[in-house]
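Numbering (the UniProt record's numbering), first residue to last: 1 to 80.
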């Protein structure tokens, strides 16, 4: 799924923590102790960054849920 515009994944790391990642990136944008915390942070990041797709992976690594996140309110939207 690499190359998809504005998407984030929530995946479990080998140490048991959960990470928010961008497809194709090796570094986590955020880590959390629980999946719920990671999902909430990923939702906030996507909302702030103009919306996009959030994929939530289970402990087996397979996508178990996918959500579309709406963009936030832009205080200075483009004219025209």
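Just so it is clear, CB atoms sit at the ideal spot from N, CA and C, and this is done for glycine as well. Since this is a predicted model, take the numbers as computed values, not measurements.
{"Query": "Please state the DSSP three-state secondary structure of residue 42.", "Result": "helix"}
{"Query": "Report yes if the C-beta of residue 49 is less than 7 Å from at least one heavy atom of the ligand ADP; otherwise report no.", "Result": "With respect to the ligand ADP, the structure shown offers nothing to examine, as it has no ligands at all."}
{"Query": "Please return the same chain residues whose Cβ sits closer than 6 Å to the Cβ of residue 44, not counting the five positions on each side in sequence.", "Result": "none"}
{"Query": "What's the call for residue 10, buried or exposed, on a 16-neighbour Cβ count within 10 Å?", "Result": "buried"}
{"Query": "For a test of the three-state rule: what should DSSP assign to residue 16, helix, strand or coil?", "Result": "coil"}
{"Query": "If we ignore side chains and look at the alpha-carbon of each, how far apart do residue 1 and residue 23 end up?", "Result": "A caution first: residue 1 carries a pLDDT of 44, below 50, which makes its placement in the model too unreliable to give a value."}
{"Query": "Determine the direct distance from the alpha carbon of residue 38 to that of residue 29, and round the result to whole angstroms.", "Result": "10 Å"}
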